[in-house]
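With the sequence shown counted from 1, adding 889 to any position gets you my numbering.
Remarks on the structure that follows.
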Amino acid sequence: MPGGEARADNILWPAALHTLAKHRIYERYLSKWMPIMIHSWKGNVTYAEGFAGPGVYTGGEPGSPVIALRSLVGDPLIRTKAHDVRFLFVEKEAPRADRLRTELAKAARPVALDALDRYGIDLAVRTGECDPTLLELLAAHNAWGRPMLVVLDTWGASVRLDLVRRIAQNPSSEVIITFEPQHFSRFATSPTEKHADTVFGDRHWREVAGQPPEEKAKWLVEKYREVLVDAGFPFVLTFELVNAGGQSLFLVFGTTHVRGLQKMKEAMWEVDPTRGVQYRDPADPNQQLLDIEPVPVTGPLERELAQYLRGQDDNTATVGDLRRFALYQTVYKESQVKPVLDRMIERGRAVGDGPAGQARLGGSVRLLSDSSQSTRGHE
């Protein structure tokens, strides 16, 4: 839940703009994840958070634990099918944990929190450090061996790789991690910085110190992406939320199933726009800011597809490969690839192997022009 500066009472704080955008993505994704898990696993699934917070912000906006609980109790089509749905929350500060219980109780009305188990919902809030308390809580509630979505929404420094790896080894599991590269850039040359070594699993991340300043964030995000893949999440999505003041927050989503990746992409582009917040794809060579909208600007995708094609034999790849590349390596969806290829062909930048040089879903495309023409605004 973190996402702003704490108030003097150290319990509540204002929600930053990119926090509100992040929560809209969570809410949209949960509206997809929860029904799939309820129907596929008969409700025997877990939603957990390691840094849960107090459940509400000073402006009254709900925190992510409340959003998660509402995704089940607020949906009449699935709440009656819950059999053993776990909502497990860890919060370091006792006053915040107490406030979280209060906010969750409001969300559960008219059912009392201690009566939720009668309806197939196992909810627990435990005070303690995320690591090892979260692992202990998951074990105590028999969550291992069953699907789980774990949100590790920290301030800055992220979590130990051992914790992430343990989740990745669990079947049908996913993580959402907030990641702030500037924290690691700041301490890359510090001999006393030990925690970051545990986040990345070794000291190789410190090579960021030799990167140009404008490349440091991108380099670290890509390095962390590789770390998550090696940990056991074959499908990893990274994207950046940027507010009007230039402050940014990276979200890293790891899943063991390609369908989870597809659904997260859908959620990203279906959320209502948040005024003053934009996306940025870490893989875009031009680092263009993108408005959050259902029909996004695809100039960055064209640049990324062209870059991918340049790396293939004869500058050629199948449309299927390009769709998979977009899904696995960019912020875009598979369905957004074909229109971009059609535009590239129309402008003489590429040619397909279909009639009149068109692109076919079962065919291939070759890059013709390696010009540096702008694709901004597609636009």
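Using N, Cα and C, we set each Cβ at its ideal position, and we do this for glycine too.
Since S1074 and V1048 are thought to touch, with beta carbons under 8 Å apart, how far apart are those beta carbons, to the nearest angstrom?
18 Å between Cβ atoms; not a contact.
Candidates A1156, V1254, T908 and E1069, of which the one nearest D1202 by Cα:
Residue V1254 holds the alpha-carbon nearest to the alpha-carbon of D1202 among A1156, V1254, T908 and E1069.
Could you say which of V1125, L1041 and L1109 lies nearest to G1099 if we only look at CA atoms?
L1109 is the residue among V1125, L1041 and L1109 whose C-alpha sits nearest the C-alpha of G1099.
Going by DSSP in three states, Q1201 sits in which element: helix, strand or coil?
Here Q1201 sits in coil by DSSP.
Can you pull the DSSP bridge partners for R990?
According to DSSP, which records beta bridges pairwise, R990 is partnered with nothing at all.
How many Å lie between V1039 and I1066 at the Cα?
So the alpha carbons of these two residues sit roughly 9 Å apart.
Option nearest V1184 by Cα separation, candidates P1171, D1173 and D1161
For the residues P1171, D1173 and D1161, the minimum Cα distance to V1184 belongs to D1161.
Since L1190 contacts A1215 with CB under 8 Å, what's their CB separation in whole angstroms?
6 Å between Cβ atoms; contact.
Going by C-alpha distance, which of A1239, F1139, D1210 and V1125 is nearest Q1151?
Closest by alpha carbon: V1125.
Do three or more CB pairs link the stretch 996 to 1010 to the stretch 963 to 983 at distances below 8 Å?
Contact check between the stretch 996 to 1010 and the stretch 963 to 983: three or more CB pairs, one atom from each, fall below 8 Å, which counts as touching.
For V1186 and P999, I'd like the C-alpha separation in whole angstroms.
Cα-Cα distance, rounded: 44 Å.
Do L1050 and F1089 have their beta-carbon atoms positioned less than 8 Å apart in this structure?
Yes, they are a contact pair.
Is R968 helix, strand or coil by DSSP?
DSSP places R968 in the helix class (H, G or I) of the three-state scheme.
Considering only residues of the same chain and omitting the five flanking positions on each side of P1123, which have a CB-CB separation below 7 Å?
T1145.
Are the beta-carbon atoms of I1181 and A941 separated by less than 8 Å?
With contacts defined as CB atoms closer than 8 Å, I1181 and A941 fail to qualify as a contacting pair.
When you compare only the Cα positions, how much space is there between G1243 and G1251?
Between G1243 and G1251, the alpha-carbon positions lie close to 9 Å from each other.
Cα-Cα separation, H1072 to D1086
Cα-Cα distance, rounded: 13 Å.
Run the CB neighbour count on K931, radius 10 Å, all protein chains shown included, and call it buried at 16 or more, exposed below.
K931 counts as exposed, since fewer than 16 other C-beta atoms from the protein chains shown sit within 10 angstroms of its C-beta.
Within 8 Å, do at least three Cβ pairs link the stretch 1014 to 1032 to the stretch 974 to 994?
Look at the beta carbons and you see the stretch 974 to 994 touching the stretch 1014 to 1032: at least three pairs across the two are nearer than 8 Å.
8 Å Cβ shell around V945 - same chain, five flanking residues per side excluded:
Sequence-distant Cβ neighbours of V945 in its own chain, meaning closer than 8 Å and more than five residues away, are L901, P951, G952, V955, R988 and E992.
If you measure between the beta carbons of L919 and S960, is that distance less than 8 Å?
Yes, Cβ-Cβ distance for L919 and S960 is below 8 Å.
Give every residue of the same chain whose Cβ lies closer than 7 Å to the Cβ of A1239, excluding the five residues on either side of it in the sequence, and list them in chain order.
Spatial neighbours of A1239 in its own chain (CB-CB distance under 7 Å, excluding positions within 5 residues in sequence) are listed in chain order as L1230, M1233, V1254, R1255, L1256 and L1257.
Could you check whether A1156 and Q1218 sit closer than 8 Å to each other, using their CB atoms as the reference points?
For Q1218 and A1156, no; Cβs fall outside 8 Å.
Per DSSP, N1132 forms a beta bridge with which residues?
The partner list for N1132 (beta bridge, DSSP) reads V1166.
Give me the Cα-Cα distance between A905 and P943, rounded to the nearest whole angstrom.
Spanning the two alpha carbons is a distance of roughly 15 Å.
Cβ of V1220 within 8 Å of Cβ of A1120?
Not a contact, by the Cβ cut-off of 8 Å.
DSSP-derived helix/strand/coil call for R1249
R1249 falls in the coil class under three-state DSSP.
Check P1270 in the structure and name its three-state DSSP category.
Nothing about residue 1270 can be reported from this structure: the residues present for the chain run from 890 to 1268 only.
Contact defined as beta carbons within less than 8 Å: I believe L878 pairs with V979. What is the distance between those atoms, to the nearest angstrom?
The displayed coordinates of the chain run from 890 to 1268. Any statement about residue 878 would go beyond what the structure contains.
Measure the C-alpha to C-alpha separation of V1208 and R1148 and round it to an integer number of angstroms.
About 19 Å.
Whose C-alpha, out of K995, F1128 and N1059, is nearest the C-alpha of P1070?
Selection K995, F1128 and N1059 evaluated against P1070 yields F1128 as nearest (Cα-Cα).
What residue ranges within the stretch 1002 to 1037 form continuous alpha helix (DSSP H) runs of no fewer than 4 residues, ordered along the chain?
Restricted to the stretch 1002 to 1037, the alpha helix (DSSP H) segments that are unbroken, complete and at least 4 residues in length are 1019 to 1029, listed in chain order.
Sorted by chain position, which residues of the same chain lie with C-beta nearer than 8 Å to Q1196's C-beta, five sequence neighbours on each side aside?
Result list for Q1196: P1174, in chain order.
Mind reading off the beta-carbon distance from R975 to A1032? Whole number of angstroms is fine, and I expect it under 8 Å.
With 8 Å as the limit, R975 and A1032 qualify as a contact, their Cβ atoms being about 6 Å apart.
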